[in-house]
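Worksheet: one structure, shown below.
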Amino acid sequence: MIVDLEPIEGSATLRQRFAQPGYIITFLHDRAKLMAMVGCGVMLLFLLFALLAPRSYTGKSVVLIDPRKQEAVAGDPVMSGIDPDDKIIETEEQMIQSRTIAQQVGDALKLKDDPNFMQRPGGVLHSLKALIAGSNVPDDPDRLMTDNLLKGLRVDRIGTSYAIQIGWTGRESAQAARIANQFAQRYVINQINVKDSATSEVNSKIRDRLTDLRQQLADAEARQLAFRQRAGGKPADEP
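Going by the working numbering, the sequence shown opens with residue 61, and the numbers climb by one from there.
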């Protein structure tokens, strides 16, 4: 069966052509080589990307913000007592992404001793900065370490819950997991230290207040004893 493949104007005519038995098969057969070349090209590009692109792994950890209000004594709160709304959650996220936490993470994992981790970042921007500052100026190890840590860090709130997910992406899966877990641990440790510091401050105020009250009581008893002696009375402890 001979089918005319010349382009024909008009959608109705085209529908009639495609409705003819064997037309679609002939259409695909004549263009099979082109379709195969396109498909092979796409597969080749995909394989090249998979082979040449640097692999990256993401380690994840989750921390939970306690929404309960806690007070050491009535009228002297240790915790702020503010419900963890969006602003509070955002504040906690910024705390996790601070250079202080990153420095603690790097020191705990001794990342400055890892030459693979302490590589300088590439790119045009870094090259321009090196050109302006001078190529002989060494990078500050602490700053380079925290820069590399913060570059791979991602902190997100999980939905509308009180949970925050900490993710860190790097070239080694084990290292990515350790760093993500260490960020979570350092955040929790800092929160505990803040609470302990606040509790210690409250206890110190209580001790100072008790000392003042004892001194006031002793002064009052001394004045009472002196008044009785001047009035000719006997001290309260005499028979």
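Using N, Cα and C, we set each Cβ at its ideal position, and we do this for glycine too.
Excluding five sequence neighbours on each side, which residues of the same chain lie with their C-beta closer than 7 Å to the C-beta of residue i?
| i | result |
| --- | --- |
| S140 | Its pLDDT being 43, under 50, S140 is placed unreliably in this model, and the coordinates cannot settle the point. |
| I249 | none |
| A286 | none |
| I142 | Model confidence at I142 stands at a pLDDT of 45, short of 50, so the residue's coordinates are unreliable; what they give is reported in the following sentence. Result list for I142: I148, in chain order. |
Apply the 10 Å Cβ neighbour rule to residue i and answer buried if 16 or more other Cβ atoms are within range, or exposed otherwise.
| i | result |
| --- | --- |
| V165 | buried |
| T206 | buried |
| L107 | exposed |
| L177 | Checking the displayed sequence, the identity of residue 177 turns out to be Phe instead of Leu. Counting Cβ neighbours within 10 Å, F177 comes out buried, since at least 16 surround it. |
| A162 | buried |
| Q235 | buried |
| F109 | exposed |
| G119 | buried |
| Q242 | buried |
Between residue i and residue j, how many whole angstroms is the CB-CB distance? I'm expecting something under 8 Å.
| i | j | result |
| --- | --- | --- |
| R231 | S116 | 6 Å |
| V102 | Y247 | Their Cβ separation, rounded to whole angstroms, is 44 Å, which puts V102 and Y247 out of contact at 8 Å. |
| L209 | I239 | 7 Å |
| I224 | E150 | 10 Å between Cβ atoms; not a contact. |
| S121 | I226 | 5 Å |
| R180 | D199 | 6 Å |
For residue i, which residues in the same chain have their Cβ closer than 8 Å to its Cβ, ignoring the five residues on either side in sequence?
| i | result |
| --- | --- |
| A134 | Its pLDDT being 37, under 50, A134 is placed unreliably by the model, and nothing is read from it. |
| G212 | W228, T229, G230, A236, I239 |
| K172 | G166, M178, P201, D202, M205 |
Might you give, ordered along the chain, the residues of its own chain that have their beta carbon closer than 6 Å to the beta carbon of residue i, omitting 5 neighbours on each side?
| i | result |
| --- | --- |
| Q280 | This sequence places Ala at residue 280; Gln is not what is there. No residues qualify anywhere along the chain. |
Could you please give me the residues that DSSP links to residue i through a beta bridge?
| i | result |
| --- | --- |
| R214 | G227 |
| K120 | G227 |
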